[in-house]
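Notes for the one structure printed next.
In my numbering, the protein residues as written are 8 to 279.
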C-alpha cells in the first residue's frame with residue numbers, strides 16, 4: 008500500500024482574473040518530481056454579460072503546462088497559430104519546448120451566458136534533452152477519455168492522460184464511497200482533493216484544496232468519502248535531473264534561464 012508522505016494545504020493567490028489555490032509549491036514542498044506546480048482556480052462565478060477577463064499573453068519554455076477543466080469552458084490562443092476551446096472533463100496540453108506564447112480565459116459564450124468556472128493548471132517538468140524541442144499544442148476531448156467506475160460506482164475516474172511517463176485522472180466521488188484504489192507503477196503519485204472530505208489509508212483526513220503526496224511503496228491506497236466531491240489523481244516518473252525555475256521558464260541551469268529571458272525579449276517566442 009502507498010504510504011502518505013505529506014499533505015499540503017493551499018496558499019491562496021490570484022492569476023489574472025482568477026482566484027487560485029496553490030498546494031504545490033509550498034513552504035513544505037518545493038516540487039514533487041516531475042510535478043512542479045498545481046493551481047486550482049475556482050469554483051468562480053462568471054456573471055452573465057460580464058467583460059471577458061483573460062490571462063494575457065505570456066511565455067513558457069522548458070516544461071509542459073497542462074489545464075484540466077472541471078466546470079465551464081476555456082479558450083486558448085498561442086503563437087503557433089492554435090486556437091481551441093475545452094469544456095468540462097477535457098484537457099489542453101502545451102509542450103512549451105523551446106518557447107511559446109499563449110493566452111487563455113473563459114470563452115466569449117461563457118462571458119455572455121454566465122456560469123461556474125473551475126479548472127486546474129499543472130506544470131510538468133521534462134528531461135533536459137527535451138527542453139528545447141519544438142513547441143506543440145493539443146487537446147484531449149471527452150470522446151478520447153477512458154472512463155472507469157470504482158467503489159460500486161461511487162468513484163469515477165476519467166483517465167485523460169495515460170502514457171508511459173505521466174498518468175492523470177479527473178475524478179468525482181459521492182458520499183459513502185469506500186474501498187481500495189489501485190494506481191499505476193510510477194514512483195511519484197499525488198492526489199488533489201478539489202472539494203469534499205475523504206479519509207486516505209484509514210487515518211488521514213483530507214479536506215478540499217489539500218494535496219496528498221504518497222511515497223514510492225508499490226500498491227494503491229484506501230479511500231473513504233464523507234461527502235460528494237472531486238479530485239485529480241496523478242502519477243509520474245521522477246526525472247532526477249538538475250532543475251532551475253524562474254517565473255515561466257524551467258531549465259537545467261541558470262545560464263539557460265538567462266538565455267530564455269534574452270530570447271523572449273528578442274522576439275524568438277513569436278507573437279499573437
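All C-beta atoms, glycine included, are put in the ideal place defined by N, C-alpha and C.
Please tell me whether residue i has its Cβ less than 7 Å away from any Cβ of chain D.
i: residue 267; result: Absent from the structure: chain D. Only one protein chain is present.
Beta-carbon within less than 8 Å of residue i's beta-carbon, same chain only, minus the 5 sequence neighbours each way: which residues are those?
i: residue 251; result: 257, 258, 259, 260, 261, 263 and 264
i: residue 112; result: 23, 24, 59, 60, 61, 62, 81 and 82
i: residue 106; result: 66, 67, 68, 142, 267, 270, 271, 275, 276 and 277
i: residue 246; result: 40, 41, 132, 133 and 134
i: residue 51; result: 25, 26, 123, 124 and 125
i: residue 30; result: 15, 16, 17, 18, 45, 47, 199, 216, 217 and 218
i: residue 121; result: 52, 53, 54, 55, 56 and 57
Using alpha carbons as the reference points, say which of the options lies closest to residue i.
i: residue 126; options: 45, 211 and 206; result: 45
i: residue 255; options: 51, 64, 26 and 47; result: 64
i: residue 158; options: 181, 30, 173 and 140; result: 181
i: residue 89; options: 75, 109 and 71; result: 109
i: residue 160; options: 249, 183 and 56; result: 183
i: residue 117; options: 152, 223, 54 and 37; result: 54
i: residue 12; options: 232, 224 and 248; result: 224
i: residue 71; options: 103, 36, 210 and 231; result: 103
i: residue 98; options: 210, 119, 29 and 129; result: 129
i: residue 219; options: 232, 198 and 226; result: 198
i: residue 179; options: 230, 139, 226 and 140; result: 230
i: residue 249; options: 49, 78 and 136; result: 136
i: residue 226; options: 187, 210, 253 and 78; result: 187
i: residue 154; options: 35, 138 and 175; result: 175
i: residue 76; options: 87, 56 and 49; result: 49
i: residue 119; options: 79, 43, 138 and 140; result: 79
i: residue 151; options: 165, 38 and 232; result: 165
Between which two residues does the alpha helix (DSSP H) containing residue i stretch?
i: residue 246; result: Residue 246 -> no alpha helix (DSSP H), and no H or E assigned at all.
i: residue 139; result: No alpha helix (DSSP H) holds residue 139; DSSP gives it neither H nor E.
i: residue 117; result: 115-120
i: residue 267; result: 261-272
Considering only DSSP beta bridges, list what residue i is partnered with.
i: residue 144; result: 101
i: residue 214; result: 204
i: residue 68; result: 256
i: residue 55; result: Residue 55 is not bridged to any residue.
i: residue 187; result: 229
i: residue 12; result: Answer is none; residue 12 lacks a bridge partner.
i: residue 276; result: Residue 276 is not bridged to any residue.
Could you name the residues of the same chain whose beta carbon sits closer than 7 Å to that of residue i, not counting the 5 residues immediately before and after it, in chain order?
i: residue 196; result: 9, 190, 221, 241 and 242
i: residue 33; result: 15 and 18
i: residue 28; result: 17, 19, 47 and 216
i: residue 35; result: 13 and 15
By Cβ distance below 6 Å, which residues in the same chain neighbour residue i in space, the five residues on each side in sequence not counted?
i: residue 212; result: 206
i: residue 244; result: 172 and 193
i: residue 200; result: 213, 215, 217 and 238
i: residue 101; result: 72 and 144
Looking at the unbroken beta strand (DSSP E) that takes in residue i, where does it start and where does it end?
i: residue 155; result: 153-157
i: residue 232; result: 228-232
i: residue 30; result: 25-31
i: residue 36; result: No beta strand (DSSP E) contains residue 36, which DSSP labels as neither H nor E.
i: residue 305; result: What is shown of the chain runs 8 to 279, which leaves residue 305 out entirely.
i: residue 79; result: Taken as a continuous stretch (DSSP letters only), residue 79 belongs to no beta strand (DSSP E), as it is neither H nor E.
i: residue 91; result: 90-93
i: residue 176; result: 173-180
Confirm the yes/no value for this check: CB of residue i, any heavy atom of the ligand MG, distance under 6 Å.
i: residue 272; result: The ligand MG is not among the ligands present in this structure, which contains no ligands whatsoever.
### Cβ contact check for the region 83-93 and the region 162-179: 3 or more pairs under 8 Å
no
### Task
Say whether the region 91-98 touches the region 146-155, bearing in mind that this needs 3 or more beta-carbon pairs closer than 8 Å, one atom from each stretch.
yes
### Message
Closer than 8 Å is the cut-off here; do at least three beta carbon pairs connect the region 231-243 with the region 200-208?
### Response
Counting Cβ pairs under 8 Å, three or more are found: they touch.
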